[in-house]
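Under my numbering, think of the first position of the sequence shown as 24, with each following residue one higher.
Idealized CB from N, CA, C, for every residue including glycine.
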Amino acid sequence: TRLLASLGRIEALEVIFKENSDRVLDQGPLSQMWSRTREAYAMMRVRPEIAYRCGTFAMANVGRVLYGEQVNPRPLWREPSPPVGFTLAALTDFSLKHNLNLVAVHRGESLDLVVPSVVHWAQDHYAAIVEQVGDLYKVVDPTFGEPVWLEAEAINAEASGYLLVHAQQVPAGWRVVPAAEAAQVVGRGYYNTECDDCDQRCETCPCPPSDQSKQDKKDRDDGNRDDDQDSRPDPGCADCQFIEASSGMVTWSVSEPYINLWLADRPMSYQPSRGPRVECKLRHKQRDESAGGIPNATSFGKGVNCSWLSYVQVSASQLVSYGTGPAYVFLPGGGKSSFQFQSGVNPTATDYFNQARLKHTIVGGQVTKLELLRPDRSKLGSR
Numbered sequence: 024t025r026l027l028a029s030l031g032r033i034e035a036l037e038v039i040f041k042e043n044s045d046r047v048l049d050q051g052p053l054s055q056m057w058s059r060t061r062e063a064y065a066m067m068r069v070r071p072e073i074a075y076r077c078g079t080f081a082m083a084n085v086g087r088v089l090y091g092e093q094v095n096p097r098p099l100w101r102e103p104s105p106p107v108g109f110t111l112a113a114l115t116d117f118s119l120k121h122n123l124n125l126v127a128v129h130r131g132e133s134l135d136l137v138v139p140s141v142v143h144w145a146q147d148h149y150a151a152i153v154e155q156v157g158d159l160y161k162v163v164d165p166t167f168g169e170p171v172w173l174e175a176e177a178i179n180a181e182a183s184g185y186l187l188v189h190a191q192q193v194p195a196g197w198r199v200v201p202a203a204e205a206a207q208v209v210g211r212g213y214y215n216t217e218c219d220d221c222d223q224r225c226e227t228c229p230c231p232p233s234d235q236s237k238q239d240k241k242d243r244d245d246g247n248r249d250d251d252q253d254s255r256p257d258p259g260c261a262d263c264q265f266i267e268a269s270s271g272m273v274t275w276s277v278s279e280p281y282i283n284l285w286l287a288d289r290p291m292s293y294q295p296s297r298g299p300r301v302e303c304k305l306r307h308k309q310r311d312e313s314a315g316g317i318p319n320a321t322s323f324g325k326g327v328n329c330s331w332l333s334y335v336q337v338s339a340s341q342l343v344s345y346g347t348g349p350a351y352v353f354l355p356g357g358g359k360s361s362f363q364f365q366s367g368v369n370p371t372a373t374d375y376f377n378q379a380r381l382k383h384t385i386v387g388g389q390v391t392k393l394e395l396l397r398p399d400r401s402k403l404g405s406r
C-alpha cells in the first residue's frame with residue numbers, strides 16, 4: 024500500500040481499504056505503515072493540490088544541479104498540482120516560467136541517459152537523475168525518501184522514454200515532444216513530509232549535562248564520590264525536554280513537532296566502583312517501523328530500541344567500487360541517521376539533521392570499519 028500511495032494510486036487504495044476495513048494487524052510496525060498509508064490516502068482526496076507534486080520536485084532538483092544557488096526551489100514546490108498530477112506540457116510551461124530552459128523530449132529506441140534530467144516512469148511518476156559515477160546514476164525521488172544509486176539497466180526498465188533535459192543537452196536522434204503529445208503524459212505521487220526517523224533521542228545523560236551532573240561524573244571517574252551520597256541516576260536538567268525513567272516505572276513523553284508517543288524504561292541500572300553509571304535503557308516510539316526489525320540482528324523485539332544496540336546498513340561493494348552510496352545508522356536511542364557518501368577521497372559523510380558524521384575505512388578492497396562521530400565527541404564503532 025505504501026508504494027501505491029507513493030505513486031498516487033488513490034483508486035487502487037480505495038478498493039484495498041474497503042476490502043480490509045475490519046482487518047486487525049500486529050499493533051506494531053505493520054499497523055503504523057497501514058495508518059500512514061491511510062493518512063496519505065486522505066491527503067490525496069482532500070488536498071490533491073499538494074499531494075501530486077513529484078514533477079515540480081524533480082524539476083527543482085534538476086535546476087539546482089544546472090544553476091546551483093541561482094535557483095530558488097520554493098516557487099516550484101508551491102505550484103499546486105491538479106487531481107491527475109502534472110502533465111509533461113505543464114512542466115515545460117513551468118520551465119519557461121522559472122527560467123530553467125528545459126525541453127520535453129522522447130528518446131525513441133535509444134537507451135542513453137542525460138545527466139541531469141527529469142525522467143518520467145512508465146508508472147506515471149517523475150524523478151530526477153542528478154549525478155553519474157561510473158555505471159551508477161543518482162536518482163532523487165522525494166516520494167521514496169532517500170536518493171538511490173541505480174544502474175542504467177534498472178532505469179531503462181522502468182522509464183517511459185519521456186524526459187525533460189536542458190535545451191543544449193538534447194542528444195542527436197531524440198525528438199522534441201509537441202505540446203499536444205506532452206499534454207497526454209502525466210505523473211503523480213504523494214510526497215510524505217513526515218520524517219519519523221528524524222525523531223531521535225539525545226544519548227547524553229542528562230541532555231544537555233547540568234553543571235552538577237558534570238561535577239558528579241568527574242567525582243565518580245576520579246573515585247571521589249561516595250555511592251551512598253546518591254545511588255540514583257541523574258534524572259536530567261531543566262533544559263532537557265524529556266526526563267526519562269530511572270529504574271522502576273516506565274515514563275512517557277510526546278515529542279514535538281512530531282507528536283510521537285515515547286515510552287522509556289531502565290530495567291537495569293547500577294553504579295560500579297569507578298566510572299560512569301551502567302544503564303540499560305529501553306525506548307518505544309509510537310511511529311517506528313524499523314526498531315527491532317533488522318533481519319539477522321539481535322533485538323528486544325519489534326518496536327523496542329535499546330541503548331546497547333545499534334545497527335548500520337551500507338552497500339559495501341558499491342562503497343568500495345565507486346566511493347558513493349547511502350548508509351543508514353539505526354541509533355540506540357531510536358531513530359535513524361542517513362548518510363550519502365560522495366565520490367572522491369573523503370571517507371566521511373554528514374547527517375546535517377543531527378550533525379553526526381559517519382566515517383568508513385577500506386582496507387584490501389573491503390570495508391573494515393564504520394565509525395559514527397557525534398557532535399558531543401562520543402563515538403559508535405562497527406566492525
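Exercise for the section: Report the rounded CA-to-CA distance for residue 42 versus residue 364, giving the unit in angstroms. Expected result: To locate residue 42, count along the sequence shown from 1; it is residue 19. To locate residue 364, count along the sequence shown from 1; it is residue 341. Using only the alpha carbons, I get a separation of about 43 Å.
Problem - Rounded straight-line distance, which links the Cα of residue 223 to that of residue 376 - result: Looking up residue 376 in the sequence shown gives position 353. Looking up residue 223 in the sequence shown gives position 200. Answer to the nearest angstrom: the Cα atoms are 10 Å apart.
Practice task
Please classify residue 256: does DSSP put it in a helix, a strand, or coil?
Solution key: In the sequence shown, residue 256 corresponds to position 233, counting from 1. Note that residue 256 scores 43 on pLDDT, short of 50, meaning its location in the model is unreliable and no value can be drawn from it.
Problem - Start-to-end residues for the beta strand (DSSP E) that takes in residue 285 - result: One-based indexing of the sequence shown puts residue 285 at position 262. Looking at the DSSP string, the run of the beta strand (DSSP E) that includes residue 285 is 283-293.
Problem - Endpoints, beta strand (DSSP E) assigned at residue 374 - result: Indexing the sequence shown from 1 puts residue 374 at position 351. Start and end: 371-374.
Practice task
Return helix, strand or coil for residue 279, following the three-state DSSP convention.
Solution key: Locating residue 279 in the sequence shown gives position 256, where the first residue counts as 1. Correct three-state label for residue 279: coil.
Handout entry: residue 192, DSSP secondary structure in three states
Key = The sequence position of residue 192 within the sequence shown is 169, counting from 1. Here residue 192 sits in helix by DSSP.
Exercise for the section: Look up residue 24 in the DSSP assignment and say whether it is helix, strand or coil. Expected result: Within the sequence shown, the letter at position 1 stands for residue 24. If DSSP states are grouped into helix, strand and coil, residue 24 belongs with coil.
Problem - Bridge partners - residue 123, DSSP secondary structure assignment - result: In the sequence shown, the residue the question calls residue 123 occupies position 100. Residue 123 is not bridged to any residue.
Practice task
Indicate the three-state DSSP secondary structure (helix, strand or coil) for residue 36 in the structure shown.
Solution key: Against the sequence shown, residue 36 aligns to sequence position 13. It is helical.
Exercise for the section: Just the C-alpha distance for residue 77 and residue 302, rounded to the nearest angstrom, thanks. Expected result: Here residue 77 corresponds to residue number 54 of the sequence shown, with the count starting at 1. Here residue 302 corresponds to residue number 279 of the sequence shown, with the count starting at 1. Rounded to the nearest angstrom, the two C-alpha atoms are 45 Å apart.
Practice task
Grab the span of the alpha helix (DSSP H) containing residue 71 for me, first residue to last.
Solution key: Working through the sequence shown from its first residue, we reach residue 71 at position 48. Residues 71-74.
Practice task
Would you mind working out which of 135, 82 and 92 sits nearest residue 113, comparing C-alpha positions?
Solution key: Locating residue 113 in the sequence shown gives position 90, counting from the first residue. The candidate whose alpha carbon is nearest that of residue 113 is 82.
Handout entry: Residue from 122, 166 and 152 with nearest C-alpha to residue 177
Key = As a position in the sequence shown, residue 177 is number 154, starting the count at 1. Ranking the options by Cα distance to residue 177, first place goes to 152.
Exercise for the section: Can you have a look at residue 60 and say buried or exposed, based on whether 16 or more other CB atoms are within 10 angstroms of its CB? Expected result: Taking the first residue of the sequence shown as 1, we reach residue 60 at position 37. That one is buried.
Practice task
Tell whether a beta-carbon distance below 9 Å holds between residue 156 and residue 345.
Solution key: As a working mapping, residue 156 is identified with position 133 in the sequence shown. As a working mapping, residue 345 is identified with position 322 in the sequence shown. A contact, by the Cβ cut-off of 9 Å.
Practice task
With DSSP collapsed to three states, give me the class of residue 262.
Solution key: Indexing the sequence shown from 1 puts residue 262 at position 239. Because the pLDDT of residue 262 is 43, which lies under 50, any placement of that residue in the model is unreliable, and the number read from its coordinates should be weighed accordingly. In this structure, residue 262 counts as coil in the three-state DSSP scheme.
Exercise for the section: Could you give the DSSP three-state label for residue 325: helix, strand or coil? Expected result: To locate residue 325, count along the sequence shown from 1; it is residue 302. Here residue 325 sits in coil by DSSP.
Practice task
Flag this pair as yes or no: are the beta carbons of residue 64 and residue 211 separated by less than 9 Å?
Solution key: If you number the sequence shown from 1, residue 64 lands on position 41. If you number the sequence shown from 1, residue 211 lands on position 188. Result no, Cβ atoms of residue 64 and residue 211 do not sit closer than 9 Å.
Practice task
With DSSP as the reference, label residue 180 as helix, strand or coil.
Solution key: Stepping through the sequence shown from its first residue, residue 180 is reached at position 157. In the structure shown, residue 180 sits in a helix (DSSP, three-state: H, G or I).
Practice task
Closer than 8 Å by C-beta to residue 162: which residues in its own chain qualify, once you throw out the five before and the five after it? Chain order, please.
Solution key: Start at 1 with the first residue of the sequence shown, and residue 162 comes out as number 139. Taken in chain order, the residues that qualify are 142, 150, 151, 152, 153, 170, 171, 172, 173 and 178.
Exercise for the section: Pick helix, strand or coil for residue 165, following the three-state DSSP scheme. Expected result: The residue you call residue 165 lines up with position 142 of the sequence shown. In this structure, residue 165 counts as helix in the three-state DSSP scheme.
Practice task
Whole angstroms is fine: what's the gap from residue 209's alpha carbon to residue 381's?
Solution key: Position 186 of the sequence shown holds residue 209. Position 358 of the sequence shown holds residue 381. Cα to Cα, the separation comes out at about 39 Å.
Exercise for the section: Verify the CB distance criterion: does residue 343 have a CB-CB separation below 9 Å to chain E? Expected result: Absent from the structure is chain E; it holds one protein chain and no more.
Problem - Three-state class that DSSP yields for residue 60 in the structure shown - result: Within the sequence shown, residue 60 is the residue found at index 37, counting from 1. Three-state result, residue 60: helix.
Exercise for the section: Could I get the ranges of all uninterrupted beta strand (DSSP E) runs contained in the stretch 373-398, with 3 residues as the minimum, in chain order? Expected result: 379-386 and 389-396
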